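Numbering (this note's numbering), first residue to last: 17 to 238.
All C-beta atoms in this analysis are idealised placements derived from N, C-alpha and C, irrespective of residue type, glycine included.
Being a predicted model, the structure only gives us computed values, none of them experimental.
Below is one structure, written out as structure tokens; comments come after it.
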Amino acid sequence: MTATLGEVYDRLFAAYGPQHWWPGQSPFEVLIGAVLVQNTSWENVKKAIDNLRRENLLEPRAVYALSVEELEEKIRPAGYFRIKARRLRNLLAFLVERYGGSLDAMFRTALPELREQLLEINGIGPETADSILLYAGGLPSFVVDAYTHRVFARHGWIGFDADYYQIKDHFESGLPQDARLFNEYHALLVRVGKEHCRKTPRCQGCPLADLLPPGGALRTDD
DNA sequence: CACCAGGCAAGTA
DNA sequence: TACTTGCATGGT
């Protein structure tokens with residue numbers, strides 16, 4: 017059984033409703049969270065962000081004023097804290113030195129150009145850049161993550177060997193360029209991935225259970 | 001105890 | 001270009 021991007025979206029939205037992503041309260045929080053969540057559970061990231069919030073450090077210049085060692089200590093619960101402290105600093109240096117610490121100024125840059133600028137920062141890869149653009153900036157750049165890949169590959173809608181940009185193009189070329197839609201779609205994919213499509217799949221009760229690939233069985237060789 | 005979680009960059013051949 | 005490895009905490 018084959019399904020269109022729109023049909024999959026409608027299934028997920030009917031089952032789960034709006035997800036209200038990103039789970040951060042301000043654009044700057046989203047920015048920080050996008051780095052901290054790299055290969056890490058959101059529960060751990062929340063602890064790190066709460067450490068910053070407790071000390072009123074959820075704004076660019078305040079974080080940039082910290083030493084790397086101080087920042088490492090605050091974000092320790094998020095894991096990889098040494099490398100992430102440097103990655104955050106790289107991002108903050110870019111934001112402060114190039115845009116005066118203003119997210120509004122940064123997001124005034126045209127999407128393709130800003131995306132290129134973000135990717136030049138050491139520690140910002142495709143997914144982190146797209147998360148910042150879409151969820152902090154409200155710009156229509158589709159986010160591909162491990163769940164996006166797993167859910168779509170297991171149903172045979174993309175190959176397991178599809179790379180980041182093949183998957184991104186699959187969504188961006190098949191949907192209207194609408195940030196609200198990209199936002200909701202990705203959030204719904206994470207939702208269904210968490211509930212049904214982890215390493216050990218639980219297809220019982222999954223909204224996509226009747227959209228299994230031809231041959232019936234879910235492929236799990238990822 | 002082992003395994004997993006919303007990546008990325010650096011090193012190797 | 002195409003692999004492989006290091007990075008680290010906290011939950012199950």
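Going by CA-CA distance only, name the one from C213, G154, G116 that's closest to R131. Position 115 of the first sequence, counted from the first residue, corresponds to residue 131. Ranking the options by Cα distance to R131, first place goes to G154.
DSSP-derived helix/strand/coil call for N138: Residue numbering aside, residue 138 sits at position 122 when the first sequence is read from its first letter. Note: N138 maps to coil in three-state DSSP.
Spatially closest choice to Q133 from F110, L74, R92, T164, by CA coordinates: Your numbering for residue 133 matches position 117 in the first sequence. Residue nearest to Q133 within the set F110, L74, R92, T164 is F110 (criterion: CA-CA distance).
Which runs of the alpha helix (DSSP H) spanning at least 4 residues fall entirely within the segment 63–114, listed in chain order? Whole alpha helix (DSSP H) segments, 4+ residues: 76–80, 84–91.
For H165, three-class secondary structure by DSSP: Locating residue 165 in the first sequence gives position 149, counting from the first residue. Helix at H165.
Looking at C-alpha atoms only, which residue of N72, R105, I65 is the closest neighbour of V84? Here residue 84 corresponds to residue number 68 of the first sequence, with the count starting at 1. When each option's Cα is compared against that of V84, the closest is R105.
R98 versus T20: straight-line alpha-carbon distance, rounded: Start at 1 with the first residue of the first sequence, and residue 98 comes out as number 82. Start at 1 with the first residue of the first sequence, and residue 20 comes out as number 4. Near 42 Å, if we compare the C-alpha coordinates of T20 and R98.
Rounded separation between S42 and N138 - CA only: Along the first sequence, one-based indexing puts residue 42 at 26. Along the first sequence, one-based indexing puts residue 138 at 122. Distance between the alpha carbons of S42 and N138: 24 Å.
Buried/exposed call for N55, threshold 16 Cβ in 10 Å: Translated into positions along the first sequence, residue 55 becomes position 39. Under this definition N55 is an exposed residue.
Would you kindly check if the distance between the Cβ of R27 and the Cβ of P192 is under 7 Å? Position 176 of the first sequence, counted from the first residue, corresponds to residue 192. Position 11 of the first sequence, counted from the first residue, corresponds to residue 27. Cβ distance not < 7 Å, so P192 and R27 don't count as in contact.
Extent of the continuous alpha helix (DSSP H) run through N55: Position 39 of the first sequence holds residue 55. Unbroken run through N55: none, as it is neither H nor E.
Note down the Cα distance separating G190 from E200, rounded to an integer number of angstroms. The residue labelled residue 190 in the question sits at position 174 within the first sequence. The residue labelled residue 200 in the question sits at position 184 within the first sequence. Each residue's alpha carbon lies about 15 Å from the other.
Whole-angstrom distance between Y163 and K215, CA atom to CA atom: The sequence position of residue 215 within the first sequence is 199, counting from 1. The sequence position of residue 163 within the first sequence is 147, counting from 1. Rounded to the nearest angstrom, the gap between the Cα atoms of K215 and Y163 is 10 Å.
Beta-carbon separation of I140 and L47 under 7 Å? Stepping through the first sequence from its first residue, residue 140 is reached at position 124. Stepping through the first sequence from its first residue, residue 47 is reached at position 31. No, they are not a contact pair.
Count the other C-beta atoms from every protein chain shown that fall within 10 angstroms of the C-beta of A81, then say buried if there are 16 or more, exposed otherwise. Here residue 81 refers to the residue found at position 65 when the first sequence is read from its first residue. Counting Cβ neighbours within 10 Å, A81 comes out exposed, since fewer than 16 surround it.
Measuring straight from C-alpha to C-alpha, what distance separates L204 and G221? Within the first sequence, the letter at position 188 stands for residue 204. Within the first sequence, the letter at position 205 stands for residue 221. Spanning the two alpha carbons is a distance of roughly 15 Å.
Apart from the five residues just before and just after L197, which ones in its own chain have a Cβ nearer than 7 Å to its Cβ? Here residue 197 refers to the residue found at position 181 when the first sequence is read from its first residue. The residues are L191.
Could you give the C-beta distance for K100 and V51, rounded to a whole number, given that I count them as a contact under 8 Å? Taking the first sequence and counting its residues from 1, one reaches residue 100 at position 84. Taking the first sequence and counting its residues from 1, one reaches residue 51 at position 35. V51 and K100 do touch by the CB rule: their CB atoms are close to 6 Å apart, below 8 Å.
Excluding the 5 residues flanking K184 on each side, which residues of the same chain have their C-beta closer than 7 Å to its C-beta? The residue you call residue 184 lines up with position 168 of the first sequence. Answer for K184: F158, V160, listed in chain order.
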